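The next block holds one structure in the form of structure tokens; read it before the comments.
Pasting the structure below:
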């Protein structure tokens, strides 16, 4: 927990709770125990704090003409404490999957040391092997560039 607070980016803007990350960083030693209690609470009563569900949403320009709404994407600024809790939970889940070998050897995204480039190199190697042995490969490409824009954000 304290490690996460040490890594806190103090240059980020304040969140919906109106607390600046720099303030949290400066009192990190004093708030570790209360945060542990706070982080365990949703597991005990199966309820996320209301503030944890709040976010300030800002439109961020992507590309194209600035006068077109479709050229912006929504970005959520959420409670910094919830971000810390999410990163701890994510790491626990990832550790569980890695330790128990629940990822296929074809999984490249979201793993340390692996990337979409690794995935691309692996698939190209597989295709070349198939073609060299006289096989055939059919490929369907899908562009997910606008996928986030299709998710309802109400």
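In the numbering used here, the protein residues as written are 997 to 1150.
Glycine included, every Cβ here is placed at the ideal spot set by N, Cα and C.
Note that the coordinates shown come from a computational prediction; the quantities given were computed from them, not determined experimentally.
Problem set entry | Three-state secondary structure (DSSP) of residue 1137 | coil
Exercise. Is residue 1030 near residue 1076, with beta carbons less than 7 Å apart?
Worked result: no
Problem set entry | Expected contact under 8 Å - CB spacing of residue 1012 and residue 1112 to nearest Å | Contact flag wrong, Cβ pair sits at about 32 Å.
For this session: Might you give, ordered along the chain, the residues of its own chain that have their beta carbon closer than 7 Å to the beta carbon of residue 1051, omitting 5 neighbours on each side?
Result: 1012, 1072, 1073, 1074
Exercise. Span of the beta strand (DSSP E) holding residue 1074?
Worked result: 1068-1074
Exercise. Mind checking residue 1020: buried by the 16 CB within 10 Å criterion, or exposed?
Worked result: buried
For this session: Grab the span of the alpha helix (DSSP H) containing residue 1126 for me, first residue to last.
Result: 1112-1128
Exercise. Ordered along the chain, which non-local residues of its own chain (more than five positions away) have a Cβ less than 6 Å from that of residue 1133?
Worked result: 1123, 1126
For this session: Could you tell me which of 1034, 1087, 1056, 1054 sits nearest to residue 1046, measuring between CA atoms?
Result: 1034
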